[in-house]
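Chains as they are written, first to last, in full-length UniProt numbering: chain A, 1 to 329; chain B, 1 to 329. Data first, discussion second: the structure below is written as structure tokens.
Number of protein chains: 2
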Amino acid sequence: MKQLINVPETVVSDALRGMAVAHPQLTVDVENRIVVRGDAPVAGKVALVSGGGSGHEPLHGGFVGPGMLDAACPGEVFTSPVPDQMVRAATATDSGAGVLFVVKNYTGDVLNFDMAAELAEDEGVQVAKVLVQDDVAVTDSSFTAGRRGVGGTLFVEKLAGALAAEGAPLERVAALARRVSESVRSFGVALSPCSTPAKGGPTFDLPAGELELGIGIHGEPGRERRAMMTSGEIADFTVDAVLADLQPSGPVLALVNGMGATPLLELYGFAAEVHRVLAERAVPVARTLVGDYVTSLDMAGASVTLCAADEELLRLWDAPVRTPGLSWG
Amino acid sequence: MKQLINVPETVVSDALRGMAVAHPQLTVDVENRIVVRGDAPVAGKVALVSGGGSGHEPLHGGFVGPGMLDAACPGEVFTSPVPDQMVRAATATDSGAGVLFVVKNYTGDVLNFDMAAELAEDEGVQVAKVLVQDDVAVTDSSFTAGRRGVGGTLFVEKLAGALAAEGAPLERVAALARRVSESVRSFGVALSPCSTPAKGGPTFDLPAGELELGIGIHGEPGRERRAMMTSGEIADFTVDAVLADLQPSGPVLALVNGMGATPLLELYGFAAEVHRVLAERAVPVARTLVGDYVTSLDMAGASVTLCAADEELLRLWDAPVRTPGLSWG
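Listed below in structure tokens is the structure:
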């Protein structure tokens, strides 16, 4: 497996150097590994800070900007960032209105964000946390107690980011983030494994002619393997897996997310099948986002995330956002 | 090679159905295969129409919207659209101010856009054309007489689209588009082949441990194969190949483009190396765009496009754009 890298040891810092040249509106601290809004701290605004292992880009660094995150802390590939990064991010972005940590549910991330919250509070920063655990595929996994946090993270960061941009106080932003976290579910499939720079090759085997249903974003095992299915069959299985756990009473926001190596041409076709299934299940779709947002390096495959939406969430979804990875309005 | 599709025959129409549900601001005519701005024709504005074989998404359909294209015509995978699509796109978008066809230099595309221009003029639409032929890797190729059109297309569509949005007349928009076409050069590398739906597997062989320098966006042969190189070495070779043909007297706009399967993490690292080489060659970089924009299905690799910029081109680059694939301002 060939990779466009120098040496595995510098992959993350090389990428941060690239982000720095591509996005002058962001402050990229390559040495300390934090990506911060160039205009931080924003007076009176609650700051959103997230982070996690690298290899899921544009998550999280690509979601830093007006309307979404104030800072992101990238760890090594598929490895939690350390508390020191999170504390620096919190103090760099806190305007006095407090900081919300958006934490994907992986053991290392949870421990480190917990520790960082204590340290930041010692420095006078008010911190709230929200845990994202939207993956319905499995309970517990290689890296997780409970459910894994995957595509739902984008919804928590976008929607809570929009409320923070409106000037809401920390307790309201945190409550909204938790409400989103409780309203969002995901399920993913892999058609090929991913290859980490350190390993230089596939992190797991997936035989020709088989796919893995319920894959995690680090290639953690899913629910089961089956003979390869069509896009329509995968959409049926995936949407039904999500709807088995989320019964929306109104419209949903949908993310049809590529894992990294699946062509956008295929992803749009899959989005059409996801819509077909949702129509058959009488679930109206208010908005649909299609693309590579929460990836797993060069894995081929896709995930579906649905978020039950009300008027407030629709308004926050449509609110302007200006980040490298998500921009509209 | 597994693909997220139903059957090869419906890949393009499935993707158009997906674009229709994801982008209600666009009018997607699945049957006739055209993607049009929902508010077309825009009164008094020159319309930009492009198109080409599918498999390069978000190019071209993902670049339809305010500030860029008015319509796009997707052909079958790696196959030119037919003149009928282009004529429909022209008549659907012409406000009376005329239409500019943006044509990548492949034999089929050039012939079909020529024929479409004649047919559209028979229907009373004033048509101008611009040919994009920015790939310095080879002269003539499997699908081309002369140089291939690749990443430079994005610059022609963005910059001429911005001028058209300002209300400039057809002759000025066409002249600007030709000036951009003459100011832009690209060079790409492949680390892996691409797989078309029809073939169901790789369209060419690329041995383990080798890369192809000068690859085309359909997997057409490039200049040479070498033993795998580091990101920094690839940046040296690629930037120097471009600068051998383009001697900018001022700043450049840079596109560091992923071919489809290369992780964004790697692409940002490559962008850092591209910047290093340009700094060493004393070429200032005014703007840098990093991502998958002109792709080749699931090919791994990247290309570099440089556009020599003056004040006018910088202004047009920074102008607002609202498309599924490119959005800022």
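Where is the CB? At the ideal position from N, CA and C, for every residue including glycine. Values in this document were obtained by computation on a predicted structure and should not be read as measured data.
Judged by DSSP secondary structure, residue 278 of chain B falls within the alpha helix (DSSP H) whose first and last residues are 264 to 280.
Listed in chain order, the positions of the region 267 to 278 of chain A with a beta carbon within less than 8 Å of a beta carbon of chain B are 267, 268, 269, 270, 271, 272, 273 and 275. Taking 8 Å as the cut-off, the beta carbon of residue 195 of chain B is found no closer than this to the beta carbon of residue 257 of chain B. Residue 222 of chain B and residue 262 of chain B have their C-alpha atoms spaced approximately 19 Å apart. Counting only Cβ-Cβ distances below 8 Å, residue 3 of chain B has contacts in chain A at 191 and 266, in chain order.
Of all C-beta pairs linking the region 35 to 55 of chain B to the region 11 to 24 of chain B, three or more are shorter than 8 Å, placing the two stretches in contact. Where residue 177 of chain B is concerned, the enclosing alpha helix (DSSP H) starts and stops at 170 to 183. Contact annotation for residue 86 of chain A against chain B: no contact, minimum CB-CB distance about 20 Å [criterion: below 9 Å]. With fewer than 16 other Cβ atoms from the protein chains shown falling within 10 Å of its own Cβ, residue 199 of chain B counts as exposed. Taking C-beta separations shorter than 6 Å and ignoring five residues to either side along the sequence, the partners of residue 132 of chain B in its chain run 104, 149, 152, 153, 156 and 181, following chain order. In this chain, the beta strand (DSSP E) harbouring residue 225 of chain B covers 224 to 227.
When rounded, the separation of the alpha-carbon atoms in residue 135 of chain A and residue 147 of chain A is 6 Å. In this structure, the beta-carbon distance from residue 26 of chain B to residue 64 of chain B falls below 8 Å.
Here residue 250 of chain B is exposed, its C-beta having fewer than 16 other C-beta atoms within 10 Å. Residue 253 of chain A is positioned such that its CB atom lies no closer than 8 Å to that of residue 276 of chain A. By the neighbour-count definition (other C-beta atoms within 10 Å, threshold 16), residue 111 of chain A is an exposed residue.
Within 8 Å of the CB of residue 288 of chain B, the CB atoms of chain A belong to 21 and 22, in sequence order along the chain. In this structure, residue 69 of chain B places its C-beta atom within 8 Å of the C-beta atom of residue 48 of chain B. Not a single CB atom of chain B sits nearer than 8 Å to the CB of residue 68 of chain A. Rounded to whole angstroms, the gap between the alpha carbons of residue 176 of chain B and residue 159 of chain B is 8 Å. Here the C-alpha atom of residue 179 of chain A lies approximately 48 Å from the C-alpha atom of residue 239 of chain B.
Runs of the beta strand (DSSP E) spanning 3 or more residues and lying entirely within the region 90 to 168 of chain A occur at 99 to 104 and 127 to 132, in chain order. Residue-level contact check: residue 303 of chain B does not touch chain A, since none of the beta carbons of chain A fall below 8 Å from its beta carbon. For residue 214 of chain B, there is no enclosing alpha helix (DSSP H), as DSSP marks it with neither H nor E. The way I'd put it, the region 284 to 300 of chain A doesn't touch the region 31 to 42 of chain B; fewer than three beta-carbon pairs between them come closer than 8 Å. Within the same chain, 35, 50, 51, 60, 61 and 64 come within 6 Å of residue 72 of chain B by CB-CB distance, once the 5 residues on both sides are set aside.
At a beta-carbon threshold of 7 Å, the residues of chain A lying near residue 58 of chain B are 264, ordered along the chain.
With fewer than 16 neighbouring CB atoms inside 10 Å of its own CB, residue 247 of chain B falls in the exposed class. For residue 315 of chain B, not one C-beta of chain A is nearer than 8 Å to its own C-beta. Judged by DSSP secondary structure, residue 5 of chain A falls outside any beta strand (DSSP E); it is assigned neither H nor E. By the beta-carbon neighbour count (other beta carbons within 10 angstroms, threshold 16), residue 284 of chain B is exposed. Per DSSP, residue 239 of chain A is one residue of the alpha helix (DSSP H) stretching across 231 to 243.
At a cut-off of 8 Å between beta-carbon atoms, residue 18 of chain A makes contact with chain B. Only exposed fits residue 312 of chain B, as fewer than 16 other CB atoms lie within 10 angstroms of its CB. At a cut-off of 8 Å, the C-beta of residue 115 of chain B has no neighbouring C-beta in chain A. Among the residues of chain B, those whose CB is under 8 Å from the CB of residue 211 of chain A are 2, following chain order.
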